[in-house]
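Residue 325, in our numbering, is where the sequence shown stops; the numbers in between run on with no holes.
Report on one structure; see the data block that follows.
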Amino acid sequence: MQIIPAIDLKEGCAVRLSQGLMESAKVYAKNPLELAKHFEELGAEYLHIVDLDGAFAGEPKNRKVIEGICKDSKLKIEVGGGIRNEETIKCYHDLGVKRVILGSAALKNPEFALKMAEKYAVVIGIDAKEGKVATEGWAESGSTLAWEFAELFKGSKVEAIICTDIARDGMLNGLNIDFTKTIQEKSSLFTIASGGLSNIGDFDKLEVAGIDGVIVGKAFYEGRIDLVEVFGKFGDRQT
């Protein structure tokens, strides 16, 4: 199981949102690099970064912060938020980002995402409201069913899918295991759960369901889980 701590960036700070609402942002660290190093000290191998400003603007807004984390840590970093073209993907690749997350761009142009996956390490972000894919920083909800969208990438070079139930994100009320499992089955790709992780018991549920990975956000920041304990129990199964 890939256990991936998360840093969401807003105006250069590490924040967490509730249900994707920008006005709900709570600042947890004004120096994201120090936070990234702390995750590394705790035993993290991976780091999930979302440029929230970029997601809403449609272009990167916290690139300097991300560059600093890439330069000064040994974490395997995945980045999402505002990535809409190959130029941005290449820029992040050149900075040392391990894989990029395509959400809105993939939904609007699946062929673009498939093409980029042939050249770069690409993850598809599927963020859903009531089972339908949301875009533009979750501000817009369309008519595309999440599982149908996931199915488009079956057999492709896409490295993974991160699926988030927006209604649960930042609410600490448990992951939507059934939703995640459906995405995994329809895509046949490495699938990472996100949104709602509440306590260490959720890791046991993920393991029973056979889910490949999980994003750890607010549960860590609010002291609901001990990452050292989590890595100690589940870390030997990281890939």
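We put the CB at the ideal spot given by N, CA and C, even for glycine.
What does the Cβ neighbour count give for residue i, buried or exposed, with the cut at 16 atoms within 10 Å?
i	result
Leu188	buried
Leu107	exposed
Tyr94	In the sequence on display, residue 94 carries Asp and not Tyr. That one is buried.
Glu83	Beyond the ends of the chain as shown, which are 87 and 325, falls residue 83; an answer cannot be given.
His124	exposed
Gly256	buried
Lys150	exposed
Val183	buried
Gly309	exposed
Gly318	exposed
Ser110	exposed
May I have the straight-line CA-CA distance separating residue i from residue j, to the nearest angstrom?
i	j	result
Trp233	Ala92	24 Å
Phe289	His179	31 Å
Ser280	Val300	6 Å
Leu261	Glu153	31 Å
Phe239	Arg185	16 Å
Arg170	Gly140	10 Å
Thr325	Asp251	For Thr325, the predicted structure reports a pLDDT of 41, less than 50, and the residue's modelled location is therefore unreliable. A value from the coordinates is still provided. So the alpha carbons of these two residues sit roughly 24 Å apart.
Asp322	Ile89	Reliability of the predicted coordinates at Asp322 is poor, the pLDDT of 49 falling under 50, and no value is obtained from them.
Lys176	Glu204	13 Å
Phe129	Asn285	The displayed chain sequence assigns Gly, not Phe, to residue 129. So the two alpha carbons sit approximately 18 Å from each other.
Leu313	Gly228	36 Å
Please say whether residue j and residue i have beta carbons closer to each other than 9 Å?
i	j	result
Ile326	Pro118	Because the chain is modelled from 87 through 325, residue 326 falls outside the range shown and cannot be assessed.
Ile297	Ile311	no
Ala115	Cys99	yes
Gly144	Gly168	yes
Ala236	Ile210	yes
Leu258	Lys201	no
Ile295	Leu275	The amino acid at residue 295 is misidentified as Ile; the sequence shows Ala. Against a cut-off of 9 Å, the Cβ pair of Leu275 and Ala295 comes out as no contact.
Would you say the beta carbon of residue i comes nearer than 8 Å to a heavy atom of the ligand MN?
i	result
Gly154	Inclusion of the ligand MN in the displayed structure is not the case, the ligand content being empty and no account of it being possible.
Looking only at C-alpha atoms, which of the options sits nearest to residue i?
i	options	result
Asn148	Val101, Leu193, Lys201	Val101
Asp137	Asp158, Leu128, Glu97, Lys194	Glu97
Gln270	Ala253, Gly282, Ser284, Leu292	Leu292
Ser242	Gly282, Tyr206, Gly217	Tyr206
Gly287	Glu308, Lys267, Val316, Ser273	Val316
Ser159	Tyr307, Glu120, Ser273	Glu120
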